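The numbering used here runs 467 ahead of the 1-based position in the sequence shown. The beta carbon of each residue, even a glycine, is placed where N, CA and C say it ideally should be. The structure displayed is predicted, hence computed values, not measured ones.
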Amino acid sequence: MQFTSKDFDASFWKELQKIVLQVLQDHLNKKDSPEVLDVEGAALYTKLSKRTLYRMASSHEIASVKLRNRLAFKKDDLDQYINSVRRKSDYELYQSS
Numbered sequence: 468m469q470f471t472s473k474d475f476d477a478s479f480w481k482e483l484q485k486i487v488l489q490v491l492q493d494h495l496n497k498k499d500s501p502e503v504l505d506v507e508g509a510a511l512y513t514k515l516s517k518r519t520l521y522r523m524a525s526s527h528e529i530a531s532v533k534l535r536n537r538l539a540f541k542k543d544d545l546d547q548y549i550n551s552v553r554r555k556s557d558y559e560l561y562q563s564s
């Protein structure tokens, strides 16, 4: 079997795509990412506005900490909050009944 340049190009791009996706996943799942986020970092992480985060923290709807008089959020607390407000899919509801 002989490879043509077209076959090589398709194979090359497919492998490159796999590598890029793996690098992105590794970057997103990095263990050395900060465990405590400032308001701006928490807003980027949760896709909520800073104003919403301030409001939620002041009403104790979401866990927060004060570091040197500045509001901060533990990443685990943000994940826990996100999971607590998650709605189940129809399939999950069907499985649990």
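Inspect the beta-carbon positions of residue i and residue j and report whether they are closer than 8 Å.
i: L504; j: K542; result: yes
i: A524; j: S516; result: no
i: L545; j: Y512; result: yes
Going by Cα to Cα distance, which pick from the options is closest to residue i?
i: A509; options: A539, S526, D476 and S525; result: A539
i: Y548; options: I529, T519, S516 and Y521; result: I529
i: N536; options: Q489, L491 and V506; result: V506
Strictly by DSSP, which residues pair up with residue i?
i: L538; result: K533
Legend entry - Within the segment 497-536, ranges of the beta strand (DSSP E) (whole runs, at least 3 residues): Complete beta strand (DSSP E) runs here, min 3: 503-505 and 532-534.
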